[in-house]
Amino acid sequence: MPTVRFTQNIQRHVACPTLEVPGATVRELLNGYFSIHQQARGYVLDDQGRLRQHMAIFVDGAQLRDRDHLTDPVPAGAVVDLVQALSGGKHS
Amino acid sequence: MSTRCHVATKKGLFTLHCTSAGWSITQANYIGDNCTLVMHDPRDGALIAALNHGHFGVKMHRSRDGGATWTEIAAPKYPAKPADYVPKTPLEGKAADWSLKLVWALAPGGADEPGVLWCGTLPGGLFKSEDGGNSWELNRPLWDDPRREEWFGGGADHPGIHSICVDPRDSRHVSVGVSCGGVWNTRDGGKTWQLTGHGMRAEFMPPERQFEPNAQDPHMLAQGRANPDVFWVQHHNGIFRSTDAAATWTEITDVKPSVFGFAVAVHPGDSDTAWFVPALKDEKRYPKDGRVVVNRTRNGGRGFETLTRGLPQEHAYDLVYRHALDVDETGDRLAFGSTTGSLWLSEDSGDSWQTLSSHLPPIHAVRFEKS
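Chain order of the listed sequences is A and B. First residue of the first sequence: 109, per my numbering; consecutive thereafter. First residue of the second sequence: 3, per my numbering; consecutive thereafter.
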């Protein structure tokens, strides 16, 4: 089962523990994760369900391609990292 | 008279308290986080803070104990954009993104509608909560008006609603200010909207479109409480006043040192008295000659006094944003804060000012607790 890991930087806003979650695509994986940790959804995805502009997702180290629909495949046993992009710092 | 004042800044939310020893910061929340707006609800004492975390989006938090503890509440969420949606008339060539960019206005509903809150946002959606902010719903009549698609950003990359005025006589009468999109009014609680910027003038438009109500850039809209038919606007290129509930507007010219600025506050007991914080227009945006001043009119804009006592008069480059000037419920106590972290307070309607801080983070909003 794939593992979902979050950046430490998000943890002070909302708890996002590392979890193993079933799913064949990033979308399925995140839907599973956010069904458990509902408040985290809005920190990662925007109103339309897209990856936030200044967030990044890596599947086994490869950057997500489909930021709008999150259809990138996730191999069984993959590690999916959710981190903040280095862009987007102007608000802080 | 208000004895507590909340200051939303780029690096946290600060609360000032007035005791017999004077004003001091007694509370600091969200240190290091961009707190873009704060609202105090006089009906139940709740505080609502809007945070923009950048990477992680815009969030809302509420305190029911004066700011001692906070709980995250729902942020306004735009509905799913229909897959076949085609914008009809986007002025800048592309449709608004149906996604929250900034909470730009927060206002409690009327005294007769507890729990109702209004929220203005970038990219132009007006949201309403009927449960104190636990949930929000986009006002579709305004969002679906084809003229909304003609709105455009003023300074920001997206258009937005920055001012919300609920008529103290009738909570169903709500007026909103839009940058850029003029002034809109509803008389039925948001079911139908009228565009009412007639008489406003926009120098930034081509000559034949300068009086187009939907192209106006009101920077801040404020309604009189003593006479709610009186509205004041600090506009991108001037000061405007209405005496017919925002239906028509008269431009007030020849105001020294400048007519440009962002903020306006109206005396709660005298709608002909209003305060402004002028700056050089419009691409430079600093106080003329490096002198921070407040302009006050007491006669409906026929004349202005330029108030300087206690304010820096050399090499001061403080800009005051639209939500960063407030007056309390007596009209005696005012406060304003600047982009360079200065915070000033007056106890005598602006005649003189004391510096409460000169080293806060950049200030977005200053709000007194009012009864």
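Glycine included, C-beta positions come from ideal geometry on N, C-alpha and C. Given the structure is predicted, the values throughout are model-derived calculations rather than measurements.
B/L362 does not reach chain A, its nearest Cβ partner there being about 16 Å away, counting only Cβ pairs nearer than 9 Å. When only Cα atoms are considered, B/T332 and B/N301 end up about 18 Å apart.
B/V118: not part of any alpha helix (DSSP H); DSSP gives it neither H nor E. The beta strand (DSSP E) runs of length 3 or more contained entirely in the stretch 119-194 of chain A are, from start to end of the chain, 163-167 and 187-192. At a cut-off of 7 Å between beta-carbon atoms, A/G185 makes no contact with chain B. Nearest to B/H19 by alpha-carbon distance, out of B/G352, B/Y319, B/A337 and B/T341, is B/A337. Under the three-state reduction of DSSP output, B/H57 falls in the helix class. In the structure shown, B/N187 adopts extended strand secondary structure according to DSSP, grouped into three states. In the DSSP assignment, A/R113 falls outside any alpha helix (DSSP H) and within the unbroken beta strand (DSSP E) covering T111 to F114. When C-beta distances to chain A are compared with 8 Å, the residues of the stretch 64-78 of chain B below that value are E74 and A77, in chain order. Taking each of B/G352, B/P314, B/R335 and B/S351 in turn and checking the Cα distance to B/S360, the smallest one comes out for B/P314. Around the beta carbon of B/S273, a 10 Å sphere encloses 16 or more other beta carbons of the protein chains shown; the residue is thus reported as buried. Residues S173 of the same chain have their beta carbon placed closer than 7 Å to that of B/E115, with the five preceding and five following residues left out of the count. For the beta strand (DSSP E) assignment, the uninterrupted runs of no fewer than 3 residues enclosed by the stretch 301-348 of chain B are, from N- to C-terminal side, 307-309, 327-329, 336-339 and 345-348.
The DSSP assignment places complete beta strand (DSSP E) segments of no fewer than 3 residues inside the stretch 215-246 of chain B at 220-225, 233-237 and 240-244, in order along the chain. Secondary-structure assignment with DSSP links B/W277 through a beta bridge to B/A267 and B/R298. Under the DSSP definition of a beta bridge, B/E139 partners with B/K130.
Distance from the CA of B/G14 to the CA of B/D35, rounded to the nearest whole angstrom, comes to 5 Å. Secondary structure note for B/I33: it is in no beta strand (DSSP E), with a DSSP letter that is neither H nor E. Between the alpha carbons of A/M109 and A/L138 lies a distance of about 13 Å. Secondary structure of B/L104 (DSSP, three-state): strand. Counted as a single uninterrupted DSSP element, the stretch harbouring B/V261 is not any beta strand (DSSP E), since DSSP gives it neither H nor E. Looking at the backbone, the Cα of B/K372 and that of B/H42 are separated by about 8 Å. In the DSSP assignment, B/Q356 forms a beta bridge with B/L347.
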